[in-house]
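Here is the structure we will look at, set down as structure tokens.
Chains as they are written, first to last, in the working numbering: chain L, 375 to 431; chain D, -10 to 358.
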């Protein structure tokens, strides 16, 4: 098994690089959160356009 | 007579092994229908470039090979995957997502595997290579190519084979993970779908605003997000049907042909047949597994606070393998309860995964460029 590991096996790097996990997931949720808000706003602002297109009962 | 067969003496066992690998990719493409548009050109290209003194790639002291020229023209500068993204954007219907935008959060959660794999891969590789390997978890070929090239990874060939193979293996990889992470009761949670109309204005403004938002926060993602959204705008504007159709069919198919066979130029035996390749294939699997885990766990976390529960399986659909992942989740839900149709929700989440994976790619580039 050890034969298949590159010479530079550094287990502590997992812990050292957890900051990228934190920043990355935070970053994605921040961007997606902004996009969700933007979409909700767009849907609200253009609601009349879809209401006009709905057949009147 | 002896001169005719002189080149045969240049053959070595590694080249023959690459022919076998190329053959396996071709078999998977044809017999198993696994991403044939990419695995077949990659498989054949692997054979082409592993013939002794192959004229398909540049040999020392000889004129440039066509695959080497194509590589410089479209892969080394990330042009081919970006053009392909125009076609992909034109194919995507964001309707189910726009009518229920909160589904996008699951797409975000399902990118967890990328960052988990980054940490795992960093134990074995330097950070730039680790990041290039981690982006396999984006389950998106163009994103993987762009990130790998920009970070000048040494393992593009292995990363591409892993990315496209695992995308095709989603129906095999995801179900056992989903079953492990959920109870039968959770898998049977019903989710009603009411079609909410989405205005044409929203459909047109959505790709524009996404590009601006993503570009402001992660500028390195502008090319990826921008080309994807440009394709979508061609589709949604309503006045460029011929361009949209061209982007979806002719353009996408043309670029796919060149992309697949050109990527194979990185599958020369001396670069590909290393212990690192096996490790990369293993890490790619880790990325896909933890993408699924991240999406499902996020849904279960939300269920702690929601009165109307979400079927946690839709979290798994946030992996960017579109439309396969959405269909896998839908089929699993039907298996548990034949009257529980969650295809629209799963498709919405699946589409959001496409956006989230591109943003994740941009963030990775922001961190390491």
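We treat Cβ as the ideally placed atom computed from N, Cα and C, and that holds for glycine. These figures come from a predicted structure and were not determined experimentally.
Which word fits residue i, buried or exposed, when buried means at least 16 other C-beta atoms lie within 10 angstroms of its C-beta?
i                      : result
residue 118 of chain D : buried
residue 280 of chain D : buried
residue 233 of chain D : buried
residue 420 of chain L : buried
residue -2 of chain D  : exposed
residue 261 of chain D : buried
residue 321 of chain D : buried
residue 139 of chain D : buried
residue 132 of chain D : buried
residue 431 of chain L : Legend: pLDDT at residue 431 of chain L = 46, less than 50; position of this residue unreliable, value from coordinates given subsequently. With fewer than 16 Cβ atoms within 10 Å of its Cβ, residue 431 of chain L is classed as exposed.
residue 294 of chain D : exposed
residue 375 of chain L : For residue 375 of chain L, the predicted structure reports a pLDDT of 43, less than 50, and the residue's modelled location is therefore unreliable. A value from the coordinates is still provided. Counting Cβ neighbours within 10 Å, residue 375 of chain L comes out exposed, since fewer than 16 surround it.
residue 265 of chain D : buried
residue 141 of chain D : exposed
residue 413 of chain L : buried
residue 188 of chain D : buried
residue 378 of chain L : The predicted model places residue 378 of chain L with a pLDDT of 49, which falls under 50 and marks its position as unreliable, so this point remains unresolved.
residue 10 of chain D  : buried
residue 227 of chain D : exposed
residue 376 of chain D : Nothing about residue 376 of chain D can be reported from this structure: the residues present for chain D run from -10 to 358 only.
residue 208 of chain D : exposed
residue 337 of chain D : buried
Listing by chain order, which chain L residues have their CB less than 7 Å from the CB of residue i?
i                      : result
residue 202 of chain D : 405, 408, 409 and 412
residue 100 of chain D : 402
residue 247 of chain D : Near residue 247 of chain D there are no residues of chain L at all, since even the closest Cβ is about 31 Å away, more than 7 Å.
residue 112 of chain D : 383, 384, 385, 387 and 388
Check the C-beta distance from residue i over to residue j and give it rounded, since I have them as a contact under 8 Å.
i                      : j                      : result
residue 145 of chain D : residue 255 of chain D : 5 Å
residue 299 of chain D : residue 306 of chain D : No, residue 299 of chain D and residue 306 of chain D are not in contact; Cβ-Cβ is about 12 Å, not under 8 Å.
residue 340 of chain D : residue 83 of chain D  : 6 Å
residue 313 of chain D : residue 176 of chain D : Rounded, the Cβ-Cβ distance is 19 Å, inconsistent with contact.
residue 411 of chain L : residue 191 of chain D : 14 Å between Cβ atoms; not a contact.
residue 185 of chain D : residue 88 of chain D  : 4 Å
residue 317 of chain D : residue 163 of chain D : 5 Å
residue 56 of chain D  : residue 245 of chain D : In fact, because the Cβ distance is near 15 Å, the residues do not count as touching under 8 Å.
residue 349 of chain D : residue 221 of chain D : About 18 Å; that fails the 8 Å criterion.
Alpha helix (DSSP H) containing residue i: first to last residue?
i                      : result
residue 179 of chain D : Residue 179 of chain D -> no alpha helix (DSSP H), and no H or E assigned at all.
residue 33 of chain D  : 25 to 38
residue 160 of chain D : 159 to 170
residue 55 of chain D  : 55 to 59
residue 353 of chain D : 332 to 357
residue 78 of chain D  : 68 to 80
residue 118 of chain D : 116 to 123
residue 394 of chain L : 392 to 419
residue 46 of chain D  : Here residue 46 of chain D belongs to no alpha helix (DSSP H), and DSSP marks it neither H nor E.
residue 108 of chain D : 101 to 110
residue 375 of chain D : Since the displayed chain D opens at -10 and closes at 358, residue 375 of chain D lies outside it and no answer follows.
residue 18 of chain D  : 2 to 19
Could you work out which residue in the options is closest to residue i when comparing CA atoms only?
i                      : options                       : result
residue 153 of chain D : D/310, D/349, D/108 and D/-7  : D/310
residue 120 of chain D : L/386, L/385, L/395 and L/389 : L/395
residue 206 of chain D : L/389, L/403 and L/387        : L/403
residue 334 of chain D : D/173, D/92 and D/75          : D/92
residue 149 of chain D : D/122, D/301, D/163 and D/197 : D/122
residue 46 of chain D  : D/258, D/161, D/178 and D/217 : D/258
residue 270 of chain D : D/77, D/209 and D/147         : D/147
residue 308 of chain D : D/99, D/50 and D/357          : D/99
residue 212 of chain D : D/358, D/183, D/180 and D/347 : D/347
Going along chain L in order, which residues have a C-beta closer than 8 Å to the C-beta of residue i?
i                      : result
residue 90 of chain D  : 409, 410, 413, 414 and 417
residue 96 of chain D  : 406
residue 328 of chain D : What residue 328 of chain D touches in chain L: nothing, since even the nearest Cβ is about 28 Å away.
Counting only Cβ pairs nearer than 9 Å, list the residues of chain L close to residue i.
i                      : result
residue 93 of chain D  : 406, 407, 409, 410 and 413
residue 6 of chain D   : The contacting residues do not exist; residue 6 of chain D stays about 17 Å from chain L at best.
residue 107 of chain D : 391, 394, 395 and 398
residue 87 of chain D  : 413, 416 and 417
residue 195 of chain D : 409, 412, 413 and 416
residue 191 of chain D : 413, 416, 417, 419, 420, 423 and 424
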